[in-house]
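Down below is the structure, laid out as structure tokens.
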Amino acid sequence: MSNGTSKKTDFNRRTALKGIGAGALLATGTLPGSLGFAQAQSSAPIKIGFQKHATGIGAAYGRWYGATTQAAVKRINDMGGINGRPVEVVVEDDGTDPKRGAEVLEKFANQHEVDVAFGTLFSHVVIGSAPRAGELKLPYFVVSEGHHVASGMLNRYTLQPGITDVKSQVQSMAPFVANNLGKKVTMIFPDFAFGHDHRDFFSAAIEAQGGEVVAKIAVPPAETSFTRYFPQIPRDTDVVYHVMVGPAVLTFVKELGEFFGPSRPEIFGFIDSLEAVDIQSPGLEFLEGTYFWEGHPRHAQEDNSEFDTAYRAAVGVDARGASLDDPKDVSTYAHMFGCWETLNVIKAGMETAGYQGPQDRAKLIEAVEAMTDMPHSLDHPQGAKLFNGKTHQVFGPQYISKVSEGTLKVEHTASIEDGRYEDEVDYTAQSF
Numbered sequence: 332m333s334n335g336t337s338k339k340t341d342f343n344r345r346t347a348l349k350g351i352g353a354g355a356l357l358a359t360g361t362l363p364g365s366l367g368f369a370q371a372q373s374s375a376p377i378k379i380g381f382q383k384h385a386t387g388i389g390a391a392y393g394r395w396y397g398a399t400t401q402a403a404v405k406r407i408n409d410m411g412g413i414n415g416r417p418v419e420v421v422v423e424d425d426g427t428d429p430k431r432g433a434e435v436l437e438k439f440a441n442q443h444e445v446d447v448a449f450g451t452l453f454s455h456v457v458i459g460s461a462p463r464a465g466e467l468k469l470p471y472f473v474v475s476e477g478h479h480v481a482s483g484m485l486n487r488y489t490l491q492p493g494i495t496d497v498k499s500q501v502q503s504m505a506p507f508v509a510n511n512l513g514k515k516v517t518m519i520f521p522d523f524a525f526g527h528d529h530r531d532f533f534s535a536a537i538e539a540q541g542g543e544v545v546a547k548i549a550v551p552p553a554e555t556s557f558t559r560y561f562p563q564i565p566r567d568t569d570v571v572y573h574v575m576v577g578p579a580v581l582t583f584v585k586e587l588g589e590f591f592g593p594s595r596p597e598i599f600g601f602i603d604s605l606e607a608v609d610i611q612s613p614g615l616e617f618l619e620g621t622y623f624w625e626g627h628p629r630h631a632q633e634d635n636s637e638f639d640t641a642y643r644a645a646v647g648v649d650a651r652g653a654s655l656d657d658p659k660d661v662s663t664y665a666h667m668f669g670c671w672e673t674l675n676v677i678k679a680g681m682e683t684a685g686y687q688g689p690q691d692r693a694k695l696i697e698a699v700e701a702m703t704d705m706p707h708s709l710d711h712p713q714g715a716k717l718f719n720g721k722t723h724q725v726f727g728p729q730y731i732s733k734v735s736e737g738t739l740k741v742e743h744t745a746s747i748e749d750g751r752y753e754d755e756v757d758y759t760a761q762s763f
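Pasting the structure below:
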């Protein structure tokens, strides 16, 4: 079964044929036991090192990234694995810490001998880990949203083919904000690379729509109380734009509501501020009528696709994005689809490349770089995608939802084209 659509170049066909030829040569080699060795190699598991935020400020995401990864791997293995080989996930906790992230990659390569590394979310961990991936020549598939991949900051071994980046997201959102909510915006964002992407790219995007950011309020990502930041919001603010991460997000949105009371400006948030939080939690009533960006709509819509319905069942969440086992256990639904989709891209890339082992890592990267259109399917339940092999970044639809009677209802869907921007790097020109 094919996952995603790959633009198969002559090079890809040649390398695949070479792989077949090499396998035949090995099978007919002169050394005793060669055939048995080839069979053992071909039946050995494909090892994927999952860099998990099991602890630290990313733990809520890490838990659901883990559940989604397990569900995706089960599906892949039920379909026969990759190139006839089962997939095995090796998990290491990076503590949501850049230094530990690099150490985890070292462990993946030298101790676990994985084929690829996968899964990282928080941008400062990606930035701290990617250089080591390049040094180890270990393909590093991140599920992060940061613009650091497409900006050219990283290296050819780092790819983001399963989730869109902040620059694309805010470029898609800015016209809706300016035309429907207001043009004077105060931004509240976490004070690290991910938040800085929001600050820089949304400022430029809203200015392109004739608006302006009247205040930029940076908050330490490990902050536990936020009331002291809110008096910095100028009185002439039309829209408060918020994106917050970490274990204190419920505190953030509650304190924001308490600060404004019944009189408030328009509020546009990225759902990061409510990931893993029930939108009907006590104290969040003020969110009624406010808007959120969602990477993947948490609440099933009236016109829900068959692919999203099947994906929900596979990862074990209900129509409101909560665990089927515990309705109080709310998922990180807007982001975790990226793990499912990235694993399907890895599968498609390995099958196109005829991947057999670490010696084929460059061929795997070239196979993924050759991908373009990824149709809406169970492999890509969030929506159709377009992958840019030069920048190693995927583009996809974006969703704006409005809180209506305690439910997130999609008001606007931005197209792939709405989020596209000019290339800033060509990784394919870099050597391996």
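332 is the number of the first residue of the sequence shown in our numbering; add one for each residue after it.
Note that the Cβ used here is the ideal one computed from N, Cα and C, for glycine as well.
Alpha carbon of residue i to alpha carbon of residue j, nearest angstrom
| i | j | result |
| --- | --- | --- |
| PRO728 | GLN442 | 39 Å |
| ARG431 | ALA546 | 34 Å |
| VAL421 | TYR686 | 19 Å |
| LEU615 | VAL516 | 22 Å |
| ILE677 | PHE726 | 17 Å |
| GLY737 | PHE617 | 10 Å |
| PHE525 | GLY415 | 38 Å |
| LEU739 | ASP567 | 28 Å |
| MET518 | VAL734 | 20 Å |
| GLY459 | VAL584 | 30 Å |
| SER654 | GLU423 | 24 Å |
| GLY600 | GLU672 | 25 Å |
| HIS768 | PHE638 | Nothing about residue 768 can be read from this structure; the chain reaches only from 332 to 763. |
| GLU753 | ALA679 | 26 Å |
| ALA684 | VAL435 | 26 Å |
| PRO596 | ASN510 | 15 Å |
| ALA481 | THR722 | 5 Å |
| SER475 | GLN491 | 8 Å |
| SER732 | ASN635 | 14 Å |
| LYS378 | GLU444 | 8 Å |
| GLN690 | SER762 | 15 Å |
| GLU633 | THR640 | 11 Å |
| GLN370 | THR427 | Unreliable placement is indicated for GLN370, whose pLDDT of 38 sits below 50; the coordinate value is still reported in the next sentence. Each residue's Cα considered, the two are about 39 Å apart. |
| GLN563 | TYR572 | 13 Å |
| ASP749 | SER708 | 21 Å |
Contacting residues, own chain, Cβ-Cβ under 6 Å from residue i (five flanking each side not counted)
| i | result |
| --- | --- |
| GLY412 | VAL418 |
| ALA650 | ALA631 |
| ARG751 | PHE726 |
| LYS523 | The amino acid occupying residue 523 in the given sequence is Phe; Lys does not appear at that position. Excluding positions up to five away in sequence, the list reads HIS455 and PRO552. |
Own chain, CB closer than 7 Å to residue i, minus 5 neighbours either side, in chain order
| i | result |
| --- | --- |
| ASP603 | VAL574, MET575 and VAL576 |
| THR663 | ALA391, TYR392, TRP395, GLU606 and ALA607 |
| ALA438 | The displayed chain sequence assigns Lys, not Ala, to residue 438. Correct list, in chain order: GLU423. |
| HIS627 | TYR664, ALA665, PHE668 and GLN713 |
| ILE610 | LEU618, VAL734, GLY737 and LEU739 |
| THR759 | GLU700, GLY720 and LYS721 |
| PRO565 | THR517, VAL545 and ALA546 |
Beta carbon of residue i nearer than 8 Å to that of residue j
| i | j | result |
| --- | --- | --- |
| GLY669 | ILE388 | no |
| VAL550 | PHE561 | no |
| PRO552 | PRO578 | no |
| GLN502 | PHE532 | yes |
| VAL456 | PRO470 | no |
| GLY465 | VAL756 | no |
| GLN401 | THR451 | no |
| ALA698 | ILE747 | no |
| LEU467 | ALA440 | yes |
| LEU581 | SER612 | yes |
| LYS498 | HIS527 | no |
| VAL570 | GLY620 | no |
| GLY380 | PHE449 | yes |
Own chain residues within Cβ distance below 8 Å of residue i, not counting five before or after
| i | result |
| --- | --- |
| PRO429 | HIS455, VAL456, ILE458, GLY459 and SER460 |
| GLY397 | PHE381, LYS383, ALA385 and VAL422 |
Does the structure place the stretch 585-602 close enough to the stretch 699-710 that three or more beta carbon pairs sit under 8 Å?
no
For a minimum of 3 consecutive residues, which ranges assigned as the beta strand (DSSP E) are wholly contained in the stretch 516-590?
543-550 and 570-573
Whole beta strand (DSSP E) runs in the stretch 592-625 with 3 or more residues, listed along the chain?
597-601 and 622-625
Across the stretch 638-650 and the stretch 398-408, are there enough close Cβ pairs to call them in contact, namely three or more that are closer than 8 Å?
yes
Which full runs of the beta strand (DSSP E) of 3+ residues lie inside the stretch 430-507, going along the chain?
447-449
Answer yes if the stretch 529-549 comes into contact with the stretch 483-494, meaning at least three C-beta pairs across the two stretches below 8 Å, and no otherwise.
Counting Cβ pairs under 8 Å, fewer than three are found: no touch.
Only counting runs of 4 or more residues, tell me where the alpha helix (DSSP H) segments fall wholly within the stretch 617-683, in order along the chain.
637-646
Complete alpha helix (DSSP H) runs within the stretch 711-757 (minimum length 4 residues, chain order)
Here no run is fully enclosed.
Please list the segments of the beta strand (DSSP E) lying wholly inside the stretch 375-441, counting only runs of 3 or more residues, in order along the chain.
377-383 and 418-424
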